[in-house]
Structures are given as structure tokens and as C-alpha cells.
Amino acid sequence: MKLDRRLAREIAPFAAATALGFALVPIGGDVDWAGYALAVALMIGVACAAVLVPWQRMPRLVGVLPSVLFLVALALLREVSGVLAGVGALALIPVFWVALHGSRGQLLIIVGGVCLFFFAPELPAGDPEHHPISIWRVAVVFGAAAAIVGVAVQNLVARVRSHAAALAVRERDLEAVADLLRSLSLTTDARDRICAGVCDLGGAHFAVLLETKGEDVLQRTAGAGLSLPPQTFTPASGPYAAMTSYSSRAALCVSGDGSGAHHDVPELDAVAELDGGRRPAAVLYQPVQHGEEITGVLVAGWRKRPSDERRARDLVRLMASEAAFVIERADLLGRLTEYALTDDLTGLPNRRAWDERLELAIREPAPICVAVLDVDRFKAYNDDHGHQAGDRFLKEAAAAWRAQLRPTDLLARYGGEEFVVLLREGDVAKARSIVDRLRAVTPRGQTCSAGVAHHEGDEPAATVVGRADQALYEAKWAGRDRSLIAELDAPSVEGSASS
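Numbering of the sequence shown is given in our numbering, commencing with residue 1068 and proceeding in unit increments.
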């Protein structure tokens, strides 16, 4: 057996009151000291058993045994001292203890024990002369008072525990939301993750984010739980609950049949079509606000009504209150990331973006080819027409070349007048024909040269680019305005080919 220190601290005040009662009983009266010692020993045993025995692991009826033995020790003390008044007050101690820590059934057992304590002070002797009517009145009143006090304390404890449990749940929810928001601070897909967070934390079946796109227009921008089709809401398009929540700037909760609102909810028809014909049991529309501006509506739906509707509403409201700031930060991060990976002049991916995309491409099983293009005699063009004209030419060339490529291909500015192309093509001859098509649309009567290389096996990214650059170098030396295919064992060259 191991001492439960927490339980010992809780028992200490009750033990102190009991010890005081036992100490005062012998004063001014005749006491049977042998019986008194037995009562003290029994009470000490009860106290030790209460803190050493793991009563919480035992059946509930067994858990009330220390309180019953407490009353037995009090009855023995009263019998050996002949004192009732002081000892009777101690009978409330087990009532308070069970009210604080026990069940309603245990409380009823102890209240019955208190009544028995007063009704039968000399059992099993049972001498009627020792039971005047006043004892009966005391027993009835004391038993009723014990029951009322015990039930009141137990109800109060239940409310306190319920409140504490609710606070603990709210604290966990706040921590979970805070963790989610912290994780969103460095991501660009904040919208979808906010919707996923509503489903995960709030237990929603689906979540949708509607954002303003123009005046009084809401458009779905993200979702989780169900793959809903794109949809736009306007005041003229129907009696939509989303528009009602948006225009009123107030949360709106409706049931699946519309009984929670004073109108139909036609937007839920799309949900029902995707969910086996079932409308959600409850839907919450929560406005998303950025300062004084309403920027959208966060919608959460439950297939079954949540067991704790207040908690679910609070979670959605908390997510909505932070959504606008998180989305703004994510959009800013996305723009900064895009700027970092985009060439300012042409709008094409820059060398950093090229390196990242090429590294990903060579890890995939699909074959690829790499081409390096360089504008012929670009320095002379700049000298003749000026650098601003040269910049305009590069922008026009980038636009013309990009228009000739497939969506799966990638054109990037490698530096200066040199460009690189990633082609999802396994045949290097076909890749060369695509590159020749690019060269043919070079604007302003200018020409360009190119080198093409097929990625081989586990070849590093730098190696395949180096082979394509070597082929470009050879195309320049061969007279420019042409494309050459790189040899597999061609050595790489430092720097780019001469114009």
C-alpha cells in the first residue's frame, strides 16, 4: 500500500475536527477508558485505511466502508462516554466526505447510517427507557438535515466539476486552435487548412470558406470534408443563408430542413446530392471579419447535431475570427514566395525556381530533356538599340516561347539572355524539334542557338544542364542560329556560351 498524499491533505481537516471531538469528550464526564481507547484505535484505523487503501479501484459499495466504520467508531465513543451532543455533530463529517467524493447511492447509505446512529444508540441492548421522544425528533431532524446538506453539496460539487471540465476542454480547444494557427503562419494553403481544422476540431462533417469577390458577391474558395462544386452567391441569386449571414454580419445556425431559419436553404441541396441525398442536421454560418470589414463567411455542417453545440459554435467562431488575418498573412507569404522565384523582367521562373523544379523532375520516373537557349549577338543588339529595347526584346521572346510550350513543360530565365527549358519528353529528337519551334518564333528578326540533352539514369541535375550548355557552346561555334543534341559523354563547360 502506498500513501496517497493528495487524499491525505484532503482528509486532514476532517481528521482534525474528529480529533478535537474525541479530545473534548472525556472532559467533565465519566469515560470507560478501555472502550474509549478502542474507539480511538478504530478511528485511527479508518483514517489510515482511507489514505492507504486504493478505494477507487474497488466497487462503489465497498468504497463507502470507511465512512460506515467512522459512524461505528462514533457510536462506540458515545456508548463509552454517554455524551451525545458533541459526538452527534461529528456524524456530519462522513456525510460531507461522501458528498464531496462519493456517488448519490453512497450518500444515501451514509444518511441512513446517520439516522441509525441516532435511532439506536444502545443497540443491541435496545432499552426503551433510554429512547425518549426527543431522541426520535433529533434523529429525524438530523437525518433530514444530513440528506439536504449532502445532496446540496453533491450537486454543487457536480456543477463545479462540470464547469472545470468545460474549462479544461475549452483550454485544450484554445491550445489546439493556437497550434493550428501557428502552423498556418508559414504556409500558403491556409484556406483549405482552416476548413480542415473546423472539421477536425469542431467535429464538422464539412466546412466551406466563402470570400467576397466584388461587392455583395460570395465565392467558394476552399473546403474540406466534401468536394463541393464551385458556387457563387449574390443577393439576387436566391434566399441563401450565406448571404443572410454576410449582409447581417451575424452568425446564423440552421437545421438541415431549414427549421432553424425563416427561409429555405437552397445551397444545402448541393451537399445533399453529394452525401447520398441527406441534408446535414445542422449548419453554422459564421461571418469572417477583418477589422470592421466583412471578408467572407465560414460555413460548417454536421451530419448529426454535435453533442456540445456551444463548444462547436465557439470553435467555429474562434476559427472565423482568426481566418481573415491568417489568410492575409498566407497571401502575403505566397506573393513573397512567388516574387522570390520569379524573374522581374520576363515574369518567368528564375534560376532558383528552375533548380527546384529540375531537382523534383529528375526524381520522377518519367523521362525528361533539358534545353539551354541563348540569344545570338545580344550584346550587339543592346549596343545598337539600347538596354531598354533589349529588355523589351527579352520580354517579347519569353512570351513567344512560352506560348509554344505545353502546360507540362517549363521555361525559365537562367541569366542574362540565356533561358532553359524542361521538356517532358523521352525522345531527344522530338525535344529538339520543340526547341527549333521556339527558335523559329524569336521576335524582331533575331536568332538564337540551343543545346538539348536527355537526362540519363541517376545523372545529377547540374550534369544534364552542363551537357546541354556544352551543346549550346558547340552550336555557337558552328555558326549560331541552330540547335545541337548533347552527347552523353560530353564534358561540361564553365559559364555560358558566348553570344
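For every residue, glycine included, the Cβ atom is placed at its ideal position computed from N, Cα and C.
Every value quoted in this text rests on a predicted model; they were computed, and no experiment measured them.
Separation of residue 1229 from residue 1093, as counted between CA atoms:
Between residue 1093 and residue 1229, the C-alpha separation is close to 44 angstroms.
What's the C-alpha gap between residue 1443 and residue 1502?
Near 15 angstroms, if we compare the C-alpha coordinates of residue 1502 and residue 1443.
Through-space distance from residue 1232 to residue 1363, alpha-carbon basis
Going by the C-alpha atoms only, they are around 33 angstroms apart.
Cβ shell of residue 1412 (< 7 angstroms), same chain only, five flanking positions each side left out:
Same-chain partners within the cutoff: 1458, 1461, 1462.
Let's see if you can read the secondary structure: which residues bound the beta strand (DSSP E) around residue 1285?
In the DSSP annotation of this structure, the continuous segment of the beta strand (DSSP E) that includes residue 1285 starts and ends at 1285-1291.
Residue 1251 and residue 1257: beta carbons closer than 8 angstroms?
Contact flag set, yes.
Taking only the alpha-carbon atoms, compute the straight-line gap between residue 1374 and residue 1366 and give it to the nearest angstrom.
Taking the CA atoms as reference points, residue 1374 sits about 18 angstroms from residue 1366.
Do the CB positions of residue 1285 and residue 1310 come within less than 8 angstroms of each other?
Result yes, Cβ atoms of residue 1285 and residue 1310 sit closer than 8 angstroms.
Looking at the strands, I want to know which residues DSSP matches up with residue 1552.
1519, per the DSSP bridge assignment.
Helix, strand or coil at residue 1509 according to DSSP, with G and I counted as helix
Coil.
Kindly indicate the opening and closing residues of the beta strand (DSSP E) around residue 1131.
Residue 1131 -> no beta strand (DSSP E), and no H or E assigned at all.
How about the stretch 1175-1185 and the stretch 1206-1214: do they share at least three Cβ pairs that are nearer than 8 angstroms?
Taking a cut-off of 8 angstroms on C-beta distances, the stretch 1175-1185 touches the stretch 1206-1214, as three or more cross pairs fall below it.
Assuming residue 1368 and residue 1263 are in contact, meaning their beta carbons sit under 8 angstroms apart, how far apart are those beta carbons, in whole angstroms?
Not quite, the Cβ-Cβ distance comes to about 14 angstroms (not below 8 angstroms), so this is no contact.
Span of the alpha helix (DSSP H) holding residue 1354?
Residue 1354 -> not in any alpha helix (DSSP H); beta strand (DSSP E) instead, spanning 1349-1357.
Between residue 1240 and the rest of its own chain, which residues show a CB-CB distance below 8 angstroms, the 5 nearest in sequence each way excluded?
Excluding residues within five positions, the ones whose Cβ falls inside 8 angstroms are 1268, 1378, 1381, 1382, 1385.
I need the DSSP call for residue 1384, collapsed to helix, strand or coil.
Residue state, collapsed to three classes: helix.
What first and last residue would you give for the beta strand (DSSP E) that runs through residue 1479?
In the DSSP assignment, residue 1479 falls within the beta strand (DSSP E) that extends over 1477-1482.
What are the boundary residues of the alpha helix (DSSP H) that includes residue 1164?
Note, residue 1164: alpha helix (DSSP H), 1159-1168.
What is the rounded straight-line gap between the Cα of residue 1514 and the Cα of residue 1427?
Distance from the CA atom of residue 1514 to the CA atom of residue 1427, rounded to whole angstroms, is 31 angstroms.
For residue 1125, does the count of other Cβ atoms within 10 angstroms reach 16, so buried, or fall short, so exposed?
With fewer than 16 Cβ atoms within 10 Å of its Cβ, residue 1125 is classed as exposed.
Proximity below 8 angstroms, CB of residue 1300 to CB of residue 1277:
Contact flag set, yes.
Could you give the DSSP three-state label for residue 1155: helix, strand or coil?
Three-state result, residue 1155: helix.
Residue 1416 (DSSP reduced to helix, strand or coil):
Secondary structure of residue 1416 (DSSP, three-state): strand.
Terminal residues of the continuous beta strand (DSSP E) containing residue 1369?
Run containing residue 1369: 1360-1369, per the beta strand (DSSP E) assignment.
Integer Cβ distance of residue 1120 from residue 1166, believed to fall under 8 angstroms:
With a Cβ gap of about 20 angstroms, residue 1120 and residue 1166 do not count as contacting.
At the level of alpha carbons, what is the spacing between residue 1164 and residue 1238?
In this structure, the CA atom of residue 1164 is about 29 angstroms from the CA atom of residue 1238.
Could you check whether residue 1128 and residue 1113 sit closer than 8 angstroms to each other, using their CB atoms as the reference points?
No, the pair does not count as a contact, with Cβ atoms beyond the cut-off.
Taking 8 angstroms as the cut-off, decide whether the C-beta atoms of residue 1418 and residue 1479 are in contact.
Yes, these two residues count as a Cβ contact at 8 angstroms.
Which one of 1214, 1147, 1157, 1139 has the shortest CA to CA distance from residue 1173?
The candidate whose alpha carbon is nearest that of residue 1173 is 1214.
Which residues does DSSP pair with residue 1441 in a beta bridge?
According to DSSP, which records beta bridges pairwise, residue 1441 is partnered with 1485, 1516.
Could you tell me how far apart the beta carbons of residue 1140 and residue 1110 are, in whole angstroms, since I believe they sit closer than 8 angstroms?
The C-beta distance from residue 1140 to residue 1110 rounds to 4 angstroms, short enough to meet the 8 angstroms contact threshold.
On a CA-only basis, which of 1157, 1081, 1248, 1142 is nearest residue 1396? Give me that one, please.
Considering only alpha carbons, the answer is 1248.
Which value, in whole angstroms, describes the spacing of the CA atoms of residue 1551 and residue 1429?
Residue 1429 has its alpha-carbon roughly 22 angstroms from the corresponding atom of residue 1551.
Quick one: any contact between the stretch 1489-1507 and the stretch 1470-1479, if contact means 3 or more CB pairs under 8 angstroms?
A contact between stretches requires three or more CB pairs, one per stretch, nearer than 8 angstroms, and the stretch 1489-1507 meets this requirement with the stretch 1470-1479.
Rounded C-alpha distance that separates residue 1077 from residue 1096:
Going by the C-alpha atoms only, they are around 32 angstroms apart.
If you drop the 5 nearest sequence neighbours on each side, which residues of the same chain put their C-beta closer than 8 angstroms to that of residue 1130?
Once the five neighbours on either side are set aside, the close Cβ partners of residue 1130 are 1122, 1123, 1169, 1173.
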